[in-house]
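**Q** Those letters in the sequence shown? Residues 1 to 208, by our numbering. Using N, Cα and C, we set each Cβ at its ideal position, and we do this for glycine too.
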Amino acid sequence: WNQTAGRGRLGRSWTSPAGKSLALSLELGPELMPEELSDSWRGALPLVTGAHLVGSLKSVSDGVGLKWPNDVLIDGKKVAGILGQIPEPQRVIIGVGINVWLTDEELPTPDSTSLALHGLKDPSQFHVVIRDFIAALVSSLHSMRHGVPDQLWDSIRGALSTLGREVRVILPDGQELVGTAIDLDTTGRLVIRDGFGDSHVVSAADVH
């Protein structure tokens, strides 16, 4: 099968050739959600998902990292995207799209890549990657029900290749901010220090 009407962040399209990618949606049941969906929990959800995907994909490539807020990259090129949605109260869906078997000619953009282009050859290896990813994610979701533990934020920071980098941030209103990504706050927002030494907290943006 293939995906023809997928939707990414900011309403962008996400399509995939037949048999080449994995499009996965996980709907969280009450045993994986807190009674109140706090800003911290909602901010952590896509980042925790991305951090665990990074950890599982390290068996394929050492060059894998998490780009804030929701992309997984290998050697600077996008191999997976993550999108969390709350379509109605107490209903949460986390979607993951992974480029698996795409060739150079099939990649959607010059800034994309696939696992096959970084050494993945055996479908059984990919099955192990996804099994380990889901198991680790479910375990962390259980631990987040009563607040996001500090060690989980530390794991996210460890996977986040954006931190420590010079970035150009394009905000939803079109304004740009240039500086160094220095940290995350307690709701998963990116903290950027500009050239004047002032700190800015960014909740939604395209980061380059």
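(1) Work out the CA separation of K121 and D185 for me, nearest whole Å.
(2) Helix, strand or coil: which one does DSSP assign to H200?
(3) With a threshold of 8 angstroms, are at least 3 pairs of Cβ atoms found where one atom belongs to the region 200-208 and the other to the region 56-64?
(4) Quick check on DSSP: helix, strand or coil for R9?
(5) Thinking just about the alpha-carbon of each residue, which of V167, V79, S140 and D183 is nearest to the one in M33?
(6) Do G55 and V72 have their C-beta atoms within less than 8 angstroms of each other?
(7) Relative to the alpha-carbon of E166, which residue among I82, G19, P110 and D194 has its alpha-carbon at the smallest distance?
(8) Could you check how far apart the C-beta atoms of G164 and A181 are, in whole angstroms? I think they sit under 8 angstroms.
(9) Which residues mark the beginning and the end of the alpha helix (DSSP H) in which Q125 is found?
(10) Tell whether a beta-carbon distance below 8 angstroms holds between I82 and V96.
(11) Assuming the contact rule is C-beta atoms closer than 8 angstroms, G43 and G188 should be a hit. Round their C-beta distance to whole Å, please.
(12) In the DSSP assignment, find the beta strand (DSSP E) that holds A181 and state where it starts and stops.
(13) Drop a sphere of 10 angstroms on the beta-carbon of T103, count the other beta-carbons inside from all chains shown, and report buried for 16 or more, exposed for fewer.
(14) Under the rule that 16 or more other beta-carbon atoms within 10 Å means buried, what is H208, buried or exposed?
(15) In this structure, what does DSSP give as the bridge partners for Q90?
(16) For the 8 angstroms Cβ check, are there 3 or more pairs between the region 151-164 and the region 19-32?
(17) If we ignore side chains and look at the alpha-carbon of each, how far apart do L45 and E106 end up?
(18) Using 8 angstroms as the threshold, is the C-beta distance between L26 and I98 below it?
**A** Reading off the structure:
(1) Taking the first residue of the sequence shown as position 1, residue 185 is located at position 185. Taking the first residue of the sequence shown as position 1, residue 121 is located at position 121. So the two alpha carbons sit approximately 39 angstroms from each other.
(2) Reading the sequence shown from its first residue, position 200 is the one you call residue 200. DSSP places H200 in strand when its eight states are reduced to three.
(3) no
(4) Within the sequence shown, residue 9 is the residue found at index 9, counting from 1. Note that R9 has pLDDT 49, beneath the 50 cutoff, so the model's placement of it is unreliable and no number is given.
(5) For the purposes of this step, residue 33 is identified with residue 33 of the sequence shown, where counting begins at 1. Per the Cα distances, S140.
(6) If you number the sequence shown from 1, residue 55 lands on position 55. If you number the sequence shown from 1, residue 72 lands on position 72. Contact flag unset, no.
(7) Against the sequence shown, residue 166 aligns to sequence position 166. Ranking I82, G19, P110 and D194 by Cα distance to E166 puts D194 first.
(8) Position 164 of the sequence shown, counted from the start, is the residue given in the question as residue 164. Position 181 of the sequence shown, counted from the start, is the residue given in the question as residue 181. Right, their Cβ atoms sit about 7 angstroms apart.
(9) Within the sequence shown, the letter at position 125 stands for residue 125. P123 to S143 is the extent of the alpha helix (DSSP H) around Q125.
(10) Looking up residue 82 in the sequence shown gives position 82. Looking up residue 96 in the sequence shown gives position 96. Yes, Cβ-Cβ distance for I82 and V96 is below 8 angstroms.
(11) If you number the sequence shown from 1, residue 43 lands on position 43. If you number the sequence shown from 1, residue 188 lands on position 188. About 3 angstroms; that satisfies the 8 angstroms criterion.
(12) Start at 1 with the first residue of the sequence shown, and residue 181 comes out as number 181. E176 to L184 is the span of the beta strand (DSSP E), which, as asked, contains A181.
(13) For this step, residue 103 is matched to residue 103 along the sequence shown. Classification of T103: exposed, given that the 10 Å Cβ count is below 16.
(14) As a first step, residue 208 must be located in the sequence shown, where it is residue number 208. The residue is exposed, with fewer than 16 neighbouring Cβ atoms inside 10 Å.
(15) Position 90 of the sequence shown, counting from 1, holds the residue named residue 90. Its beta-bridge partners do not exist; DSSP assigns none.
(16) no
(17) Position 45 of the sequence shown, counted from the start, is the residue given in the question as residue 45. Position 106 of the sequence shown, counted from the start, is the residue given in the question as residue 106. Their Cα atoms are separated by approximately 30 angstroms.
(18) Position 26 of the sequence shown holds residue 26. Position 98 of the sequence shown holds residue 98. For L26 and I98, no; Cβs fall outside 8 angstroms.
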